[in-house]
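A.B. asks: Residue numbers for the sequence shown follow my numbering, so the first one is 1323 and each next one is one higher.
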Amino acid sequence: MLSAIRNTLRVPVTTATRLFQTSVVQASDKFDHKRIPLEDEGVQGEKIVDLDSALKVKQNLFPTLDSDNLLFNGMLYKDLPICNIRVSHNNTIFTLTDAAGTVKVIRSCGMEGFKNTKKGTNIAAQTTAISIATRAIDRGFKTIRVRVQGLGPGRLAAVKGLQMGGLEIISITDNTHVSWNPPRARKARRL
């Protein structure tokens, strides 16, 4: 069989094999420039779950009936100020209130100078969080509770920015609205 192939091709079989091998190598080199980078270029520490060193200690992380009466830096848990973070795909809005709900400070990514699509990024959320943390410390707030509402790229970056700004975060509550019977969706966009 091999002799018949050699006679018809008039080429040694090893040369034909070598040609097939080079074509495979060229095919794999063709798509190297389209690879996605392995590293994410997001905010430093965004994907880290360890937001606070207190979480490293094995404690009861869920609230109990006595949680409202616990003391944190000389204040009762129920008297701690609350930082409400409203996250959307277009913007991130921070509202710092006292325990009664009186608004003390409001900041958003647009107020920090980010415009258009840059308002919805995680870098804008972290920068705004650091800004509101410095304003909160200037007003005398050192320990806060955090309430996050909505889905967007700045969720974790906002909480990380509050911690980087010098605030001590006691609890993080996710208050995102979930509709179990949503209205009918819009028709699909034609592309």
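Note that CB positions come from ideal geometry on N, CA and C, so glycine has one too.
#1: On the three-state DSSP scale, how would you describe Ser1501?
#2: Given that a residue counts as buried once 16 or more other Cβ atoms are within 10 Å of its Cβ, and exposed if not, what is Ala1507?
#3: Counting only the same chain and skipping the five closest in sequence on each side, list residues whose C-beta sits under 7 Å from that of Val1425.
#4: What span of residues does the beta strand (DSSP E) with Ser1493 cover, start to end?
#5: For Val1470 and Ile1494, which I take to be in contact (beta-carbon distance under 8 Å), what is that distance rounded to the nearest angstrom?
#6: What are the start and end residues of the beta strand (DSSP E) that includes Lys1426?
#7: In three-state DSSP terms, what is Ala1510?
#8: Given Leu1484, which residues of its chain have a CB within under 7 Å of its CB, disregarding the five upstream and five downstream residues?
#9: Quick check on DSSP: helix, strand or coil for Thr1439?
#10: Where Gly1462 and Ala1510 are concerned, what is the direct C-alpha to C-alpha distance, given to the nearest angstrom?
#11: For Lys1441 versus Asn1413, is the C-beta spacing smaller than 7 Å?
#12: Whole angstroms are fine: how far does the CA of Lys1400 sit from the CA of Val1500?
#13: Measure the alpha-carbon distance for Ala1458 versus Thr1449 and round it to whole angstroms.
#14: Given Leu1392, which residues of its chain have a CB within under 6 Å of its CB, disregarding the five upstream and five downstream residues?
#15: According to DSSP, simplified to helix, strand and coil, what is Thr1465?
#16: The alpha helix (DSSP H) that contains Leu1387, what's its start and end?
#17: Output the distance between the C-alpha atoms of Ala1447 and Asn1395, rounded to the nearest integer angstrom.
#18: So is Gly1474 buried or exposed if we call it buried at 16+ other beta carbons inside 10 Å?
C.D. replies: In terms of the structure at hand:
#1: Numbered from 1 along the sequence shown, position 179 holds the residue referred to as residue 1501. Of the three classes helix, strand and coil, the one that applies to Ser1501 here is coil, per DSSP.
#2: Working through the sequence shown from its first residue, we reach residue 1507 at position 185. Burial call: exposed.
#3: Counting from one through the sequence shown, the residue named residue 1425 turns up at place 103. Within the same chain, Val1425 has close Cβ partners Thr1417, Thr1419.
#4: Taking the first residue of the sequence shown as position 1, residue 1493 is located at position 171. 1490–1496 is the span of the beta strand (DSSP E), which, as asked, contains Ser1493.
#5: Along the sequence shown, read from residue 1 onward, the residue named residue 1470 stands at position 148. Along the sequence shown, read from residue 1 onward, the residue named residue 1494 stands at position 172. Going by Cβ atoms, the distance from Val1470 to Ile1494 rounds to 7 Å, so yes, they are a contact pair.
#6: Numbered from its first residue, the sequence shown carries residue 1426 at position 104. Per DSSP, Lys1426 belongs to the beta strand (DSSP E) from 1425–1430.
#7: Here the question's residue 1510 lines up with position 188 in the sequence shown. Coil at Ala1510, not helix or strand.
#8: For this step, residue 1484 is matched to residue 162 along the sequence shown. Only Cys1405, Ala1451, Ala1455, Val1468, Ile1491 meet the Cβ criterion.
#9: Position 117 of the sequence shown, counted from the start, is the residue given in the question as residue 1439. Reduced to three states, the DSSP call for Thr1439 is helix.
#10: Locating residue 1462 in the sequence shown gives position 140, counting from the first residue. Locating residue 1510 in the sequence shown gives position 188, counting from the first residue. If you take the alpha carbons of Gly1462 and Ala1510, they lie about 50 Å apart.
#11: Mapped onto the sequence shown, residue 1441 falls at position 119. Mapped onto the sequence shown, residue 1413 falls at position 91. It is a contact, given that the beta carbons lie within the stated cut-off.
#12: What you label residue 1500 is simply residue 178 of the sequence shown in a count that begins at 1. What you label residue 1400 is simply residue 78 of the sequence shown in a count that begins at 1. Between Val1500 and Lys1400, the C-alpha separation is close to 25 Å.
#13: Along the sequence shown, read from residue 1 onward, the residue named residue 1458 stands at position 136. Along the sequence shown, read from residue 1 onward, the residue named residue 1449 stands at position 127. So the two alpha carbons sit approximately 14 Å from each other.
#14: Taking the sequence shown and counting its residues from 1, one reaches residue 1392 at position 70. Hits under 6 Å: Tyr1399.
#15: Residue numbering aside, residue 1465 sits at position 143 when the sequence shown is read from its first letter. DSSP places Thr1465 in strand when its eight states are reduced to three.
#16: In the sequence shown, counting from the first residue as 1, residue 1387 sits at position 65. Careful: Leu1387 lies outside any alpha helix (DSSP H) and carries neither H nor E.
#17: Here residue 1447 refers to the residue found at position 125 when the sequence shown is read from its first residue. Here residue 1395 refers to the residue found at position 73 when the sequence shown is read from its first residue. Their backbone Cα atoms lie some 27 Å apart in a straight line.
#18: For the purposes of this step, residue 1474 is taken as the residue at position 152 of the sequence shown. By the 10 Å Cβ count, Gly1474 comes out buried.
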